[in-house]
Structures are given as C-alpha cells and as structure tokens.
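A short worksheet on the structure shown next.
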Amino acid sequence: MASGRTPLPFLALGVLAFLLAVWAGLLRVGWPWPSPAAGLPAAHAVLMVSGFLGSLISLERAVGLRASWGYVAPVASVLGSFALLVPPVQFLAPVLLVFASGVGVALLVALLFVHRTPAVALMCAGMASWLVGNLVWAARFPALLAGDALLWWIGFPVLLIAGERVELARFRPTAISAGAALYGLAALFIVASVVGLVRPLPANHLAGAALAGIAVWLLLFDSARAQLGSAGLGRFIASALIPGYVWLGLGGVFLAAPLPLQGPYLNDAMLHAVFLGFVMSMILAHAPIVFPALLGRPIPFRRAFYGPLALLNASLILRVAGDLAVAQGLREWAGLLNAVALVGFLVVTMGSARSVRSGPPAPA
Ligand code: HEM
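Numbering (my numbering), first residue to last: 312 to 675.
So this is what it looks like as structure tokens:
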C-alpha cells in the first residue's frame, strides 16, 4: 500500500461486520438468542453485502492499486452498515453506503485505465451493480431488508468474480465466441436487474437463467478442472472453485424456478447457494493469495483449509435440503453449521498467518 503500512485496522473492521452479520443470520434463521441491537436481524444483508463483502473487495482494490484515497471506501462501507444498528445515527447509513460504493466504482475505473480489457470492464460492471443496489436500497430507507436491491447485490460479487477469473489469466486460451458468450450472459443479468425494478417475476427468471449460464461457462472454461490434478494450494483452489460454480448454477435454477414450484424457503436456498456456496467458496479459494497483501504477512497453505471448505459445502447441502423440505429444525442446525464453517475459516487463516513466526507449515 502507498503508506507502506498494512491495512490491518480496515480489515479488522470488515471482520467485525462479518461476525455481526453471521450472528444476524443465525437470529434470522430462527435461533432465539440475544441481539446486541434491535435492528441487527434486519441488517443481515447490508452487513454481509456492504459491511463485509464491499469493504473487503474495495480494500483489496485500493491495496492493489496503491491508492490511499481508496481506503475511504471500506471505512465508509463498514461505518455505514454499523450506523444501521445505532438508531440516532441510522440516517447516515444510506449516505455512507452509497458513497462507499461510488468510491468502489472509481477504484475499478482507475483499474480500467491501467488494464483496458473486457474482463476489467466486467469487474467494473460488478462494482457498479453494488452502487445501483445501494441506491435502490437507499431510496426505500428506512426499510432495512434487501427488497428490490437484491438482484443488484447478487450481480455485485458474481460479475466481479467472473471478470476477475478471466483477468487473472488462469484460463486456457478461449475462442472469441466463448468470451462473447460470457459478456452476453453478464449483459443479460444486468438487463434482468433493470427489469426487476418494475416487473420482478420475469426478471427473476431471466436473471436465474443468466446466473446458471455464467456458472456453466465457468465450469467449462475456467482452469479449475485442469488444476484439480495439481498438488497443494492449486488443488485446494480447484476444490473450492468447482463446487462454488455448481452452487452458482443451482442458485440460478432456484431463481428461475416457476412460481408453482416455489416453496416458502426457496428464496433462502437461492440466496445462500449464491452467497455462501459461490461467493464464500471464492473467498476461501483465494484467501491464501489475496489475504497476505491485506494482513501484511504470508499465509502458507495448510491442509487444515480443507476443513472449513468441506463443512461449508456439507452444511449448505443440509440447509438447502431443509429449505426444500420446509424442515425448520434442519434449517436452524444447518445455519449454525454454516456459521461454524465461516468462523472456522477465519480461525484457520489467522492460525496459518501466525504460524509464519512460530514455525514452518506442514508439507501440503
Ligand atoms: C451463517 C451463515 C448465514 C445464515 C445463518 C444466514 C441466514 C439468513 C436468513 C435466515 C435469511 C432470510 C431469508 C429469507 O427471508 O428468505 C437470510 C437472508 C439473506 N442473507 Fe444470509 N445467512 C448467512 C450467510 C450469508 C452470507 C455469507 C451472505 C452474503 C455474503 C448472506 C446474504 C443474505 C442476503 C442478501 C439475504 C436477504 C436478506 C434480506 O432480504 O434482507 N447471508 N440469511
């Protein structure tokens, strides 16, 4: 980073937002536990999407670009989501969150000036999707739930990650027509998100089809399948990416499902197939590569990383089964196991970072 110091305090704020968001998720799924703030359960989506994802992604971008001005994005994003929990300053949340995502877009535009590629333009569209989602949400404030911001908030990590996978150049050379197919699917998703502001139902079908298409594209053209044959970190990354793409496809299918097939919890299954199954798998996959720059120290890969990854996938299967079977007890326990997997991932990452001082990692 520009100052030469690590952005650890910014990262710590994002982690705090993440832990609050996980607690909020557990309250939302039905655990009758105390809430540190009255608005916490309703703030789950904002804490996850802006407080955690938005701050982490904009911080990563600011560090990558060595742009100190970009640090206002993670700070405003976390403070905006915390403001929701403190009634006297709640009115600041929409302003701070829109501002944070605006700076996030500026960071991606700055990146586009450096790398003028369609993949970075796609990442830019992902960040812009966060901004539009926040504007839509702000227009409905003081309602706290996601509402019609949801498709935009889904587009934020999905378009950004798809663009990043292409840009990381970990792909086998693809035909121009294959590249065009990905950008076409992304455009379809954006059109669906716009339509969703006035006609939610056809928009969901369209957006679901686009998500499923993007998932199939990633399964076909990403290097993940080839990487499965490698060892150590390479194989771990592939083991996180491939199920992540399958979850994205499933999320798309749930979103596109015709009305008569939709049960009371299909929305929960769709949301968490995308956010827990796809987005969190991507974060797990890239943690040993991305987090060292944020933590200011290496994170050696350890086999222990497989533990949270396996638990995340197993508990998500249970959660989706509970959603589809309308089995509340199963949903609650699966939600709790989802949380254990996420916190377990934090513990393994921090343990691995600390081990750099205390001893060498086990052979991968
Ligand atoms: C421990 C893990 C989690 C639990 C127990 C949990 C629980 C829940 C529950 C019960 C709902 C309500 C669903 C509905 O009303 O249909 C919900 C909604 C939501 N969740 Fe999660 N969740 C978790 C993780 C995540 C993650 C990692 C993300 C994003 C990165 C996320 C994003 C969302 C969003 C965007 C909504 C929609 C909320 C709204 O309409 O306000 N969740 N979650």
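Cβ coordinates follow ideal geometry from the N, Cα and C atoms, glycine included.
Determine the closest residue to residue i out of the options, with distance taken between C-alpha atoms.
i	options	result
HIS516	ILE472, PRO609 and VAL502	VAL502
MET264	VAL659, LEU456 and LEU522	Missing from the structure shown is residue 264; the chain here goes from 312 to 675 and no further.
PHE532	PRO453, PRO343, VAL658 and GLU478	GLU478
PHE467	ALA457, SER388, MET434 and ILE487	MET434
VAL590	ARG614, LEU620, PRO575 and SER663	LEU620
PRO603	ARG665, PRO385, PRO398 and GLY588	ARG665
ALA514	LEU462, LEU390, SER388 and GLY375	LEU462
VAL686	ALA373, GLY490, PRO347 and VAL326	Here the chain comprises residues numbered 312 to 675, so residue 686 is not present and cannot be evaluated.
GLY562	ARG546, GLY524 and ALA460	GLY524
ASN445	MET359, ARG630, ALA520 and ALA492	MET359
PHE393	LEU324, LEU422, ALA421 and TRP342	LEU324
PRO453	ALA486, VAL425, GLU475 and PHE402	PHE402
LEU370	ALA625, ILE487, LEU499 and PRO318	PRO318
PRO398	ALA432, ALA354 and ALA439	ALA354
TYR494	GLY540, GLU643 and VAL431	VAL431
ALA518	VAL585, LEU653, ALA615 and GLN639	VAL585
LEU587	PHE321, PHE329, PRO320 and LEU322	PHE329
GLY543	ARG614, ALA378 and TYR576	ARG614
ALA520	TRP344, LEU629 and PRO569	PRO569
THR660	LEU605, ALA625 and LEU508	LEU605
PHE547	VAL447, MET593, GLY640 and ALA625	MET593
LEU408	ALA450, LEU419 and VAL425	ALA450
ALA378	PRO599, SER346, LEU331 and ALA421	ALA421
SER440	TYR617, ALA498 and PRO343	ALA498
VAL425	LEU322, SER541 and LEU376	LEU376
ASP579	VAL631, ILE600 and VAL564	VAL631
VAL505	VAL416, ASP459 and ARG372	ASP459
GLU475	PHE500, ALA436 and LEU566	ALA436
Note the first and the last residue of the continuous alpha helix (DSSP H) segment covering residue i.
i	result
GLN538	535-538
MET434	429-451
LEU522	511-532
TYR556	543-567
MET581	577-583
MET593	592-606
PRO468	461-478
PRO320	319-340
ARG630	617-635
ARG377	Note, ARG377: premise wrong, no alpha helix (DSSP H); not H, not E.
PRO405	403-425
GLY574	Run containing GLY574: none; DSSP gives neither H nor E here.
SER346	Careful: SER346 lies outside any alpha helix (DSSP H) and carries neither H nor E.
ILE610	Neither: ILE610 is in no alpha helix (DSSP H) and is coded neither H nor E.
VAL505	487-507
Please check the pair residue i and residue j, which I expect to be a contact at CB under 8 Å, by giving their CB distance rounded to whole angstroms.
i	j	result
LEU337	GLY655	About 15 Å; that fails the 8 Å criterion.
VAL651	PRO611	Incorrect: roughly 23 Å between the Cβ atoms, too far for contact.
ALA356	ALA457	4 Å
LEU309	ASN649	As displayed, the chain neither begins before 312 nor continues past 675, which places residue 309 out of reach and without an answer.
ALA404	LEU395	5 Å
ALA335	PRO320	Going by Cβ atoms, the distance from ALA335 to PRO320 rounds to 23 Å, so no, they are not a contact pair.
ARG642	VAL333	With a Cβ gap of about 16 Å, ARG642 and VAL333 do not count as contacting.
LEU258	GLY350	Given a span of 312 to 675 for the chain in the structure shown, any question on residue 258 remains unanswerable.
VAL447	LEU508	7 Å
VAL637	PRO575	6 Å
GLY381	SER361	Contact flag wrong, Cβ pair sits at about 16 Å.
LEU423	ALA384	That belief does not hold up - the Cβ atoms of LEU423 and ALA384 are roughly 16 Å apart, past 8 Å.
GLN538	ALA551	Going by Cβ atoms, the distance from GLN538 to ALA551 rounds to 11 Å, so no, they are not a contact pair.
Count Cβ pairs between the stretch 553-570 and the stretch 508-528 that sit closer than 8 Å; are there 3 or more? yes
Contact the stretch 407-420 vs the stretch 365-377: 3+ CB pairs below 8 Å: yes
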